[in-house]
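Visitor: Numbering (my numbering), first residue to last: 28 to 741. One structure is given below, represented as structure tokens, and several questions about it will come after.
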């Protein structure tokens with residue numbers, strides 16, 4: 028017979044000698060609080076599915092009095108409430124589980140729930156909390172169809188109101204601050220933001236980037252869609268006054284001109300005219316000048332006929348006073364103000380040159396506070412314009428290039444610019460290798476992107492050519508150099524294909540089809556046609572001349588340049604001519620190239636010519652003669668060297684004392700002649716060809732050569 032089940036308070040009164048009964052009977056004792064009701068039992072099936080089931084709202088049903096007999100007055104005196112109770116269950120919504128998952132940052136589960144809600148036809152309420160989910164799609168390294176994934180969350184943000192803060196700072200850092208350009212994501216960001224009333228906040232950044240890197244037909248269609256989205260939002264808010272669209276067309280036209288697509292810029296001008304939008308006079312003059320310089324005379328005449336009273340010949344600018352110069356003896360603040368004054372007052376005739384600004388880094392970069400001074404200059408330039416910041420970074424890259432700190436050149440480019448014209452895998456591999464080998468070098472002094480610079484800059488040919496030069500110098504062997512050269516040819520061919528397609532793929536009067544095209548119906552990214560020039564071939568010409576010989580270089584590299592419609596510059600020929608003179612297998616080839624150099628003009632200044640100091644023709648030719656003369660003197664071909672010196676005197680009208688490098692080589696020639704006369708190697712007179720007496724140089728260094736990458740002697 029089982030023991031009696033007694034309450035605990037009864038068992039407490041048992042004498043101590045009977046306490047053993049307490050332990051034997053406790054398991055049969057009943058708690059005074061618990062009963063056998065199942066409502067007090069703990070549910071073991073507390074799974075996410077059961078939680079979601081309990082959170083499903085049920086429609087409150089008021090009591091139905093019709094169940095009772097209509098003739099009975101038994102319940103008429105009782106007031107039955109017909110309104111629903113105010114409780115937590117009445118505020119439930121089907122998207123509450125989605126909000127909970129997003130707040131807990133369970134984005135994978137939230138994406139599944141979002142799709143299920145949309146498939147079920149449930150309307151998801153707009154809320155700013157979904158900003159974190161949209162940012163998560165941008166932060167992930169590998170996301171399938173990133174543009175659509177981002178758009179699905181970005182559309183769930185509420186529209187702009189007067190009290191709504193701007194949600195774009197962190198998102199813009201992720202979209203525009205990356206190393207590559209995700210054009211579809213940028214387009215979705217711009218269109219959805221315009222639909223929510225943020226047109227004025229996003230159009231400048233979005234339009235310029237899309238026009239530069241997207242197909243011209245798609246970019247024109249995108250501009251129309253962006254304006255339509257803004258118009259729809261304005262109509263929904265009862266705003267009837269039309270917005271001035273002159274700025275957006277001006278920005279798009281300038282982007283096409285900067286990318287080397289003047290015909291596409293002209294098409295945008297005509298599309299803007301069809302939509303009733305006027306163009307700024309400066310934009311029209313820019314397009315007209317680009318069309319004429321590109322040989323599109325018929326299109327330039329057509330543009331001038333459309334705007335007879337606005338497109339006129341450029342008026343030469345009046346002379347201005349000389350600019351103030353930098354001086355190491357001046358306080359840093361004064362030199363900083365001088366550089367910023369250059370950037371602020373830069374013009375086509377008097378541009379702010381990166382070669383001049385690099386003096387600032389030469390003065391202060393090695394000091395204890397040099398990095399702080401450099402950051403002050405970058406910040407001041409950024410406040411002026413993106414172009415000013417681009418010039419300053421170019422000057423800093425030139426500074427490191429001259430010091431042969433090629434790792435710092437790569438890091439500066441990676442920090443401030445998109446990698447559109449550079450193979451990212453090759454650059455990352457070389458940069459990582461350089462950091463491992465030079466852990467205590469000046470590479471640590473290069474600052475990363477600060478909050479003052481929330482987005483990347485567009486690289487120009489002057490920036491990217493310096494990077495290609497640095498990568499060639501950091502290559503470990505000839506195989507790596509040849510691989511880089513093959514990658515360069517692939518990039519140039521790809522840019523050329525898109526440039527030719529943009530010029531012939533659609534007629535000049537074709538309007539965009541905004542109703543049929545989608546943002547993703549295009550090639551994700553194209554390279555501007557003017558992203559590569561002869562400066563990109565210069566490092567390979569130098570390397571191949573040193574390893575493979577000038578004959579191989581002239582036969583392969585120059586032919587590749589002409590095949591890809593890149594004309595060899597005077598600096599490329601200078602390098603090859605100097606190599607011919609130094610090797611000596613074909614000295615007549617060096618003299619022939621000198622004649623070609625004499626007939627060539629300096630490369631025409633582009634729109635971005637302010638980024639590099641364009642030397643005069645005489646200075647460029649003098650560099651070529653100096654290089655060839657140096658090669659002949661080093662090889663002791665004194666007869667050929669005297670012929671080159673005679674041409675310098677007769678054809679270039681060179682006078683001693685004009686150029687330090689040329690004077691140095693001429694003095695070295697006279698020293699070699701006297702040395703040969705003393706050894707009876709040559710029977711020629713050792714008198715100076717310039718008259719007078721000259722002393723031989725004690726520490727003769729190699730003459731400077733001209734780099735097409737930086738436009739300065741290095």
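For glycine and all other residues, C-beta sits at the position ideal for the given N, C-alpha and C.
For the 8 Å Cβ check, are there 3 or more pairs between the region 652-664 and the region 600-609?
Guide: yes
Visitor: Which residue spans inside the region 276-319 form an unbroken alpha helix (DSSP H) run of at least 4?
Guide: 289-301
Visitor: What did DSSP end up calling residue 334 once you bin it into helix, strand or coil?
Guide: For the purposes of this step, residue 334 is taken as residue 307 along the chain shown, with counting starting at 1. Correct three-state label for residue 334: coil.
Visitor: On the three-state DSSP scale, how would you describe residue 400?
Guide: Translated into the one-based positions of the chain shown, residue 400 becomes position 373. Here residue 400 sits in helix by DSSP.
Visitor: Is residue 794 helix, strand or coil when you go by DSSP?
Guide: Within the shown structure, residues of the chain are numbered from 28 to 741, placing residue 794 beyond reach of any answer.
Visitor: Could you check if residue 268 is buried or exposed, using at least 16 other CB atoms within 10 Å of its CB as the buried criterion?
Guide: Here the question's residue 268 lines up with position 241 in the chain shown. Counting Cβ neighbours within 10 Å, residue 268 comes out exposed, since fewer than 16 surround it.
Visitor: Provide the residue span of the alpha helix (DSSP H) that contains residue 485, from first to last.
Guide: In the chain shown, the residue the question calls residue 485 occupies position 458. For residue 485, no alpha helix (DSSP H) run applies, since DSSP gives it neither H nor E.
Visitor: For the alpha helix (DSSP H) that residue 607 lies in, which residues bound it at each end?
Guide: Taking the first residue of the chain shown as position 1, residue 607 is located at position 580. 597-610 is the extent of the alpha helix (DSSP H) around residue 607.
Visitor: Alpha carbons only, please: which of 671, 423 and 447 is nearest the one belonging to residue 436?
Guide: Counting from one through the chain shown, the residue named residue 436 turns up at place 409. It is 423 whose Cα lies nearest to the Cα of residue 436.
Visitor: Give the secondary structure of residue 195 by DSSP, where H, G and I count as helix, E and B as strand, and everything else as coil.
Guide: Taking the chain shown and counting its residues from 1, the one referred to as residue 195 is at position 168. Coil, per DSSP.
Visitor: Could you give the DSSP three-state label for residue 444: helix, strand or coil?
Guide: Numbered from 1 along the chain shown, position 417 holds the residue referred to as residue 444. Residue 444 falls in the strand class under three-state DSSP.
Visitor: Helix, strand or coil for residue 675? Go by DSSP, reduced to three states.
Guide: Looking up residue 675 in the chain shown gives position 648. Here residue 675 sits in helix by DSSP.
Visitor: Quick one: Cα of residue 204 to Cα of residue 651, how far?
Guide: Along the chain shown, read from residue 1 onward, the residue named residue 204 stands at position 177. Along the chain shown, read from residue 1 onward, the residue named residue 651 stands at position 624. Answer to the nearest angstrom: the Cα atoms are 42 Å apart.
Visitor: Keeping to the same chain, check which residues put their C-beta closer than 8 Å to that of residue 184; ignore five residues upstream and five downstream.
Guide: The residue labelled residue 184 in the question sits at position 157 within the chain shown. Only 153, 154, 155, 157, 158, 161, 194 and 223 meet the Cβ criterion.
Visitor: Considering only the alpha carbon of each residue, which of 573, 579 and 670 lies closest to residue 619?
Guide: Here the question's residue 619 lines up with position 592 in the chain shown. Closest option to residue 619, Cα to Cα, is 670.
Visitor: DSSP three-state call for residue 564: helix, strand or coil?
Guide: Taking the first residue of the chain shown as position 1, residue 564 is located at position 537. Residue state, collapsed to three classes: coil.
Visitor: Measure the alpha-carbon distance for residue 665 versus residue 695 and round it to whole angstroms.
Guide: Translated into the one-based positions of the chain shown, residue 665 becomes position 638. Translated into the one-based positions of the chain shown, residue 695 becomes position 668. Between residue 665 and residue 695, the C-alpha separation is close to 11 Å.
Visitor: For residue 235, report the span of its alpha helix (DSSP H) as first-last.
Guide: In the chain shown, counting from the first residue as 1, residue 235 sits at position 208. Start and end: 226-240.
Visitor: Kindly indicate which three-state DSSP category residue 149 falls into: helix, strand or coil?
Guide: On the chain shown, residue 149 is found 122 positions in, with the first residue counted as 1. The answer is coil: DSSP assigns residue 149 none of H, G, I, E or B.
Visitor: Is it true that the region 211-229 meets the region 495-509, where meeting means three or more beta-carbon pairs spaced less than 8 Å apart?
Guide: These segments do not touch.
Visitor: Quick one: give me the first and last residue of the alpha helix (DSSP H) that residue 463 is part of.
Guide: Position 436 of the chain shown holds residue 463. Run containing residue 463: 451-464, per the alpha helix (DSSP H) assignment.
Visitor: Any chance you could list the beta strand (DSSP E) runs of at least 3 consecutive residues sitting entirely within the region 356-382, in chain order?
Guide: none
Visitor: On a CA-only basis, which of 244, 219 and 290 is nearest residue 258? Give me that one, please.
Guide: As a first step, residue 258 is located in the chain shown; it is residue number 231 there, counting from the start. Restricting attention to 244, 219 and 290, the CA atom closest to the CA of residue 258 is found in 219.
Visitor: Following the continuous alpha helix (DSSP H) through residue 127, name the residue where it begins and the one where it ends.
Guide: Position 100 of the chain shown holds residue 127. Element bounds for residue 127: 123-130.
Visitor: Relative to the alpha-carbon of residue 562, which residue among 573, 322, 577 and 584 has its alpha-carbon at the smallest distance?
Guide: Against the chain shown, residue 562 aligns to sequence position 535. Checking every option, the nearest Cα to that of residue 562 belongs to 584.
Visitor: Measure the alpha-carbon distance for residue 700 versus residue 612 and round it to whole angstroms.
Guide: Translated into positions along the chain shown, residue 700 becomes position 673. Translated into positions along the chain shown, residue 612 becomes position 585. Approximately 22 Å, taken between the alpha carbons.
Visitor: Could you please give the first and the last residue of the uninterrupted alpha helix (DSSP H) stretch that includes residue 220?
Guide: Start at 1 with the first residue of the chain shown, and residue 220 comes out as number 193. Where residue 220 is concerned, the enclosing alpha helix (DSSP H) stretches over 210-222.
Visitor: Do residue 566 and residue 495 have their CB atoms nearer than 8 Å?
Guide: Here residue 566 is taken as the residue at index 539 of the chain shown, counted from 1. Here residue 495 is taken as the residue at index 468 of the chain shown, counted from 1. Yes, these two residues count as a Cβ contact at 8 Å.
Visitor: What residue does the alpha helix (DSSP H) around residue 74 start on, and which one ends it?
Guide: In the chain shown, residue 74 corresponds to position 47, counting from 1. Where residue 74 is concerned, there is no enclosing alpha helix (DSSP H), given that its DSSP letter is neither H nor E.
Visitor: How is residue 694 classed by DSSP in three states: helix, strand or coil?
Guide: Here residue 694 is taken as the residue at index 667 of the chain shown, counted from 1. In this structure, residue 694 counts as helix in the three-state DSSP scheme.
Visitor: Measure the alpha-carbon distance for residue 538 versus residue 272 and round it to whole angstroms.
Guide: Here the question's residue 538 lines up with position 511 in the chain shown. Here the question's residue 272 lines up with position 245 in the chain shown. Residue confidence is low: residue 538 scores 39 on pLDDT, short of 50, so the model does not pin down where it sits. No coordinate-derived value is stated.
Visitor: Along the chain, where does the alpha helix (DSSP H) that runs through residue 580 open and close?
Guide: Indexing the chain shown from 1 puts residue 580 at position 553. Counting along the chain, the alpha helix (DSSP H) containing residue 580 begins and ends at 577-590.
Visitor: How far does the alpha helix (DSSP H) with residue 248 in it extend, from its first residue to its last?
Guide: Reading the chain shown from its first residue, position 221 is the one you call residue 248. Taken as a continuous stretch (DSSP letters only), the alpha helix (DSSP H) holding residue 248 covers 243-263.
Visitor: Tell me which residue opens and which closes the alpha helix (DSSP H) that residue 626 is part of.
Guide: Position 599 of the chain shown holds residue 626. Per DSSP, residue 626 belongs to the alpha helix (DSSP H) from 614-626.
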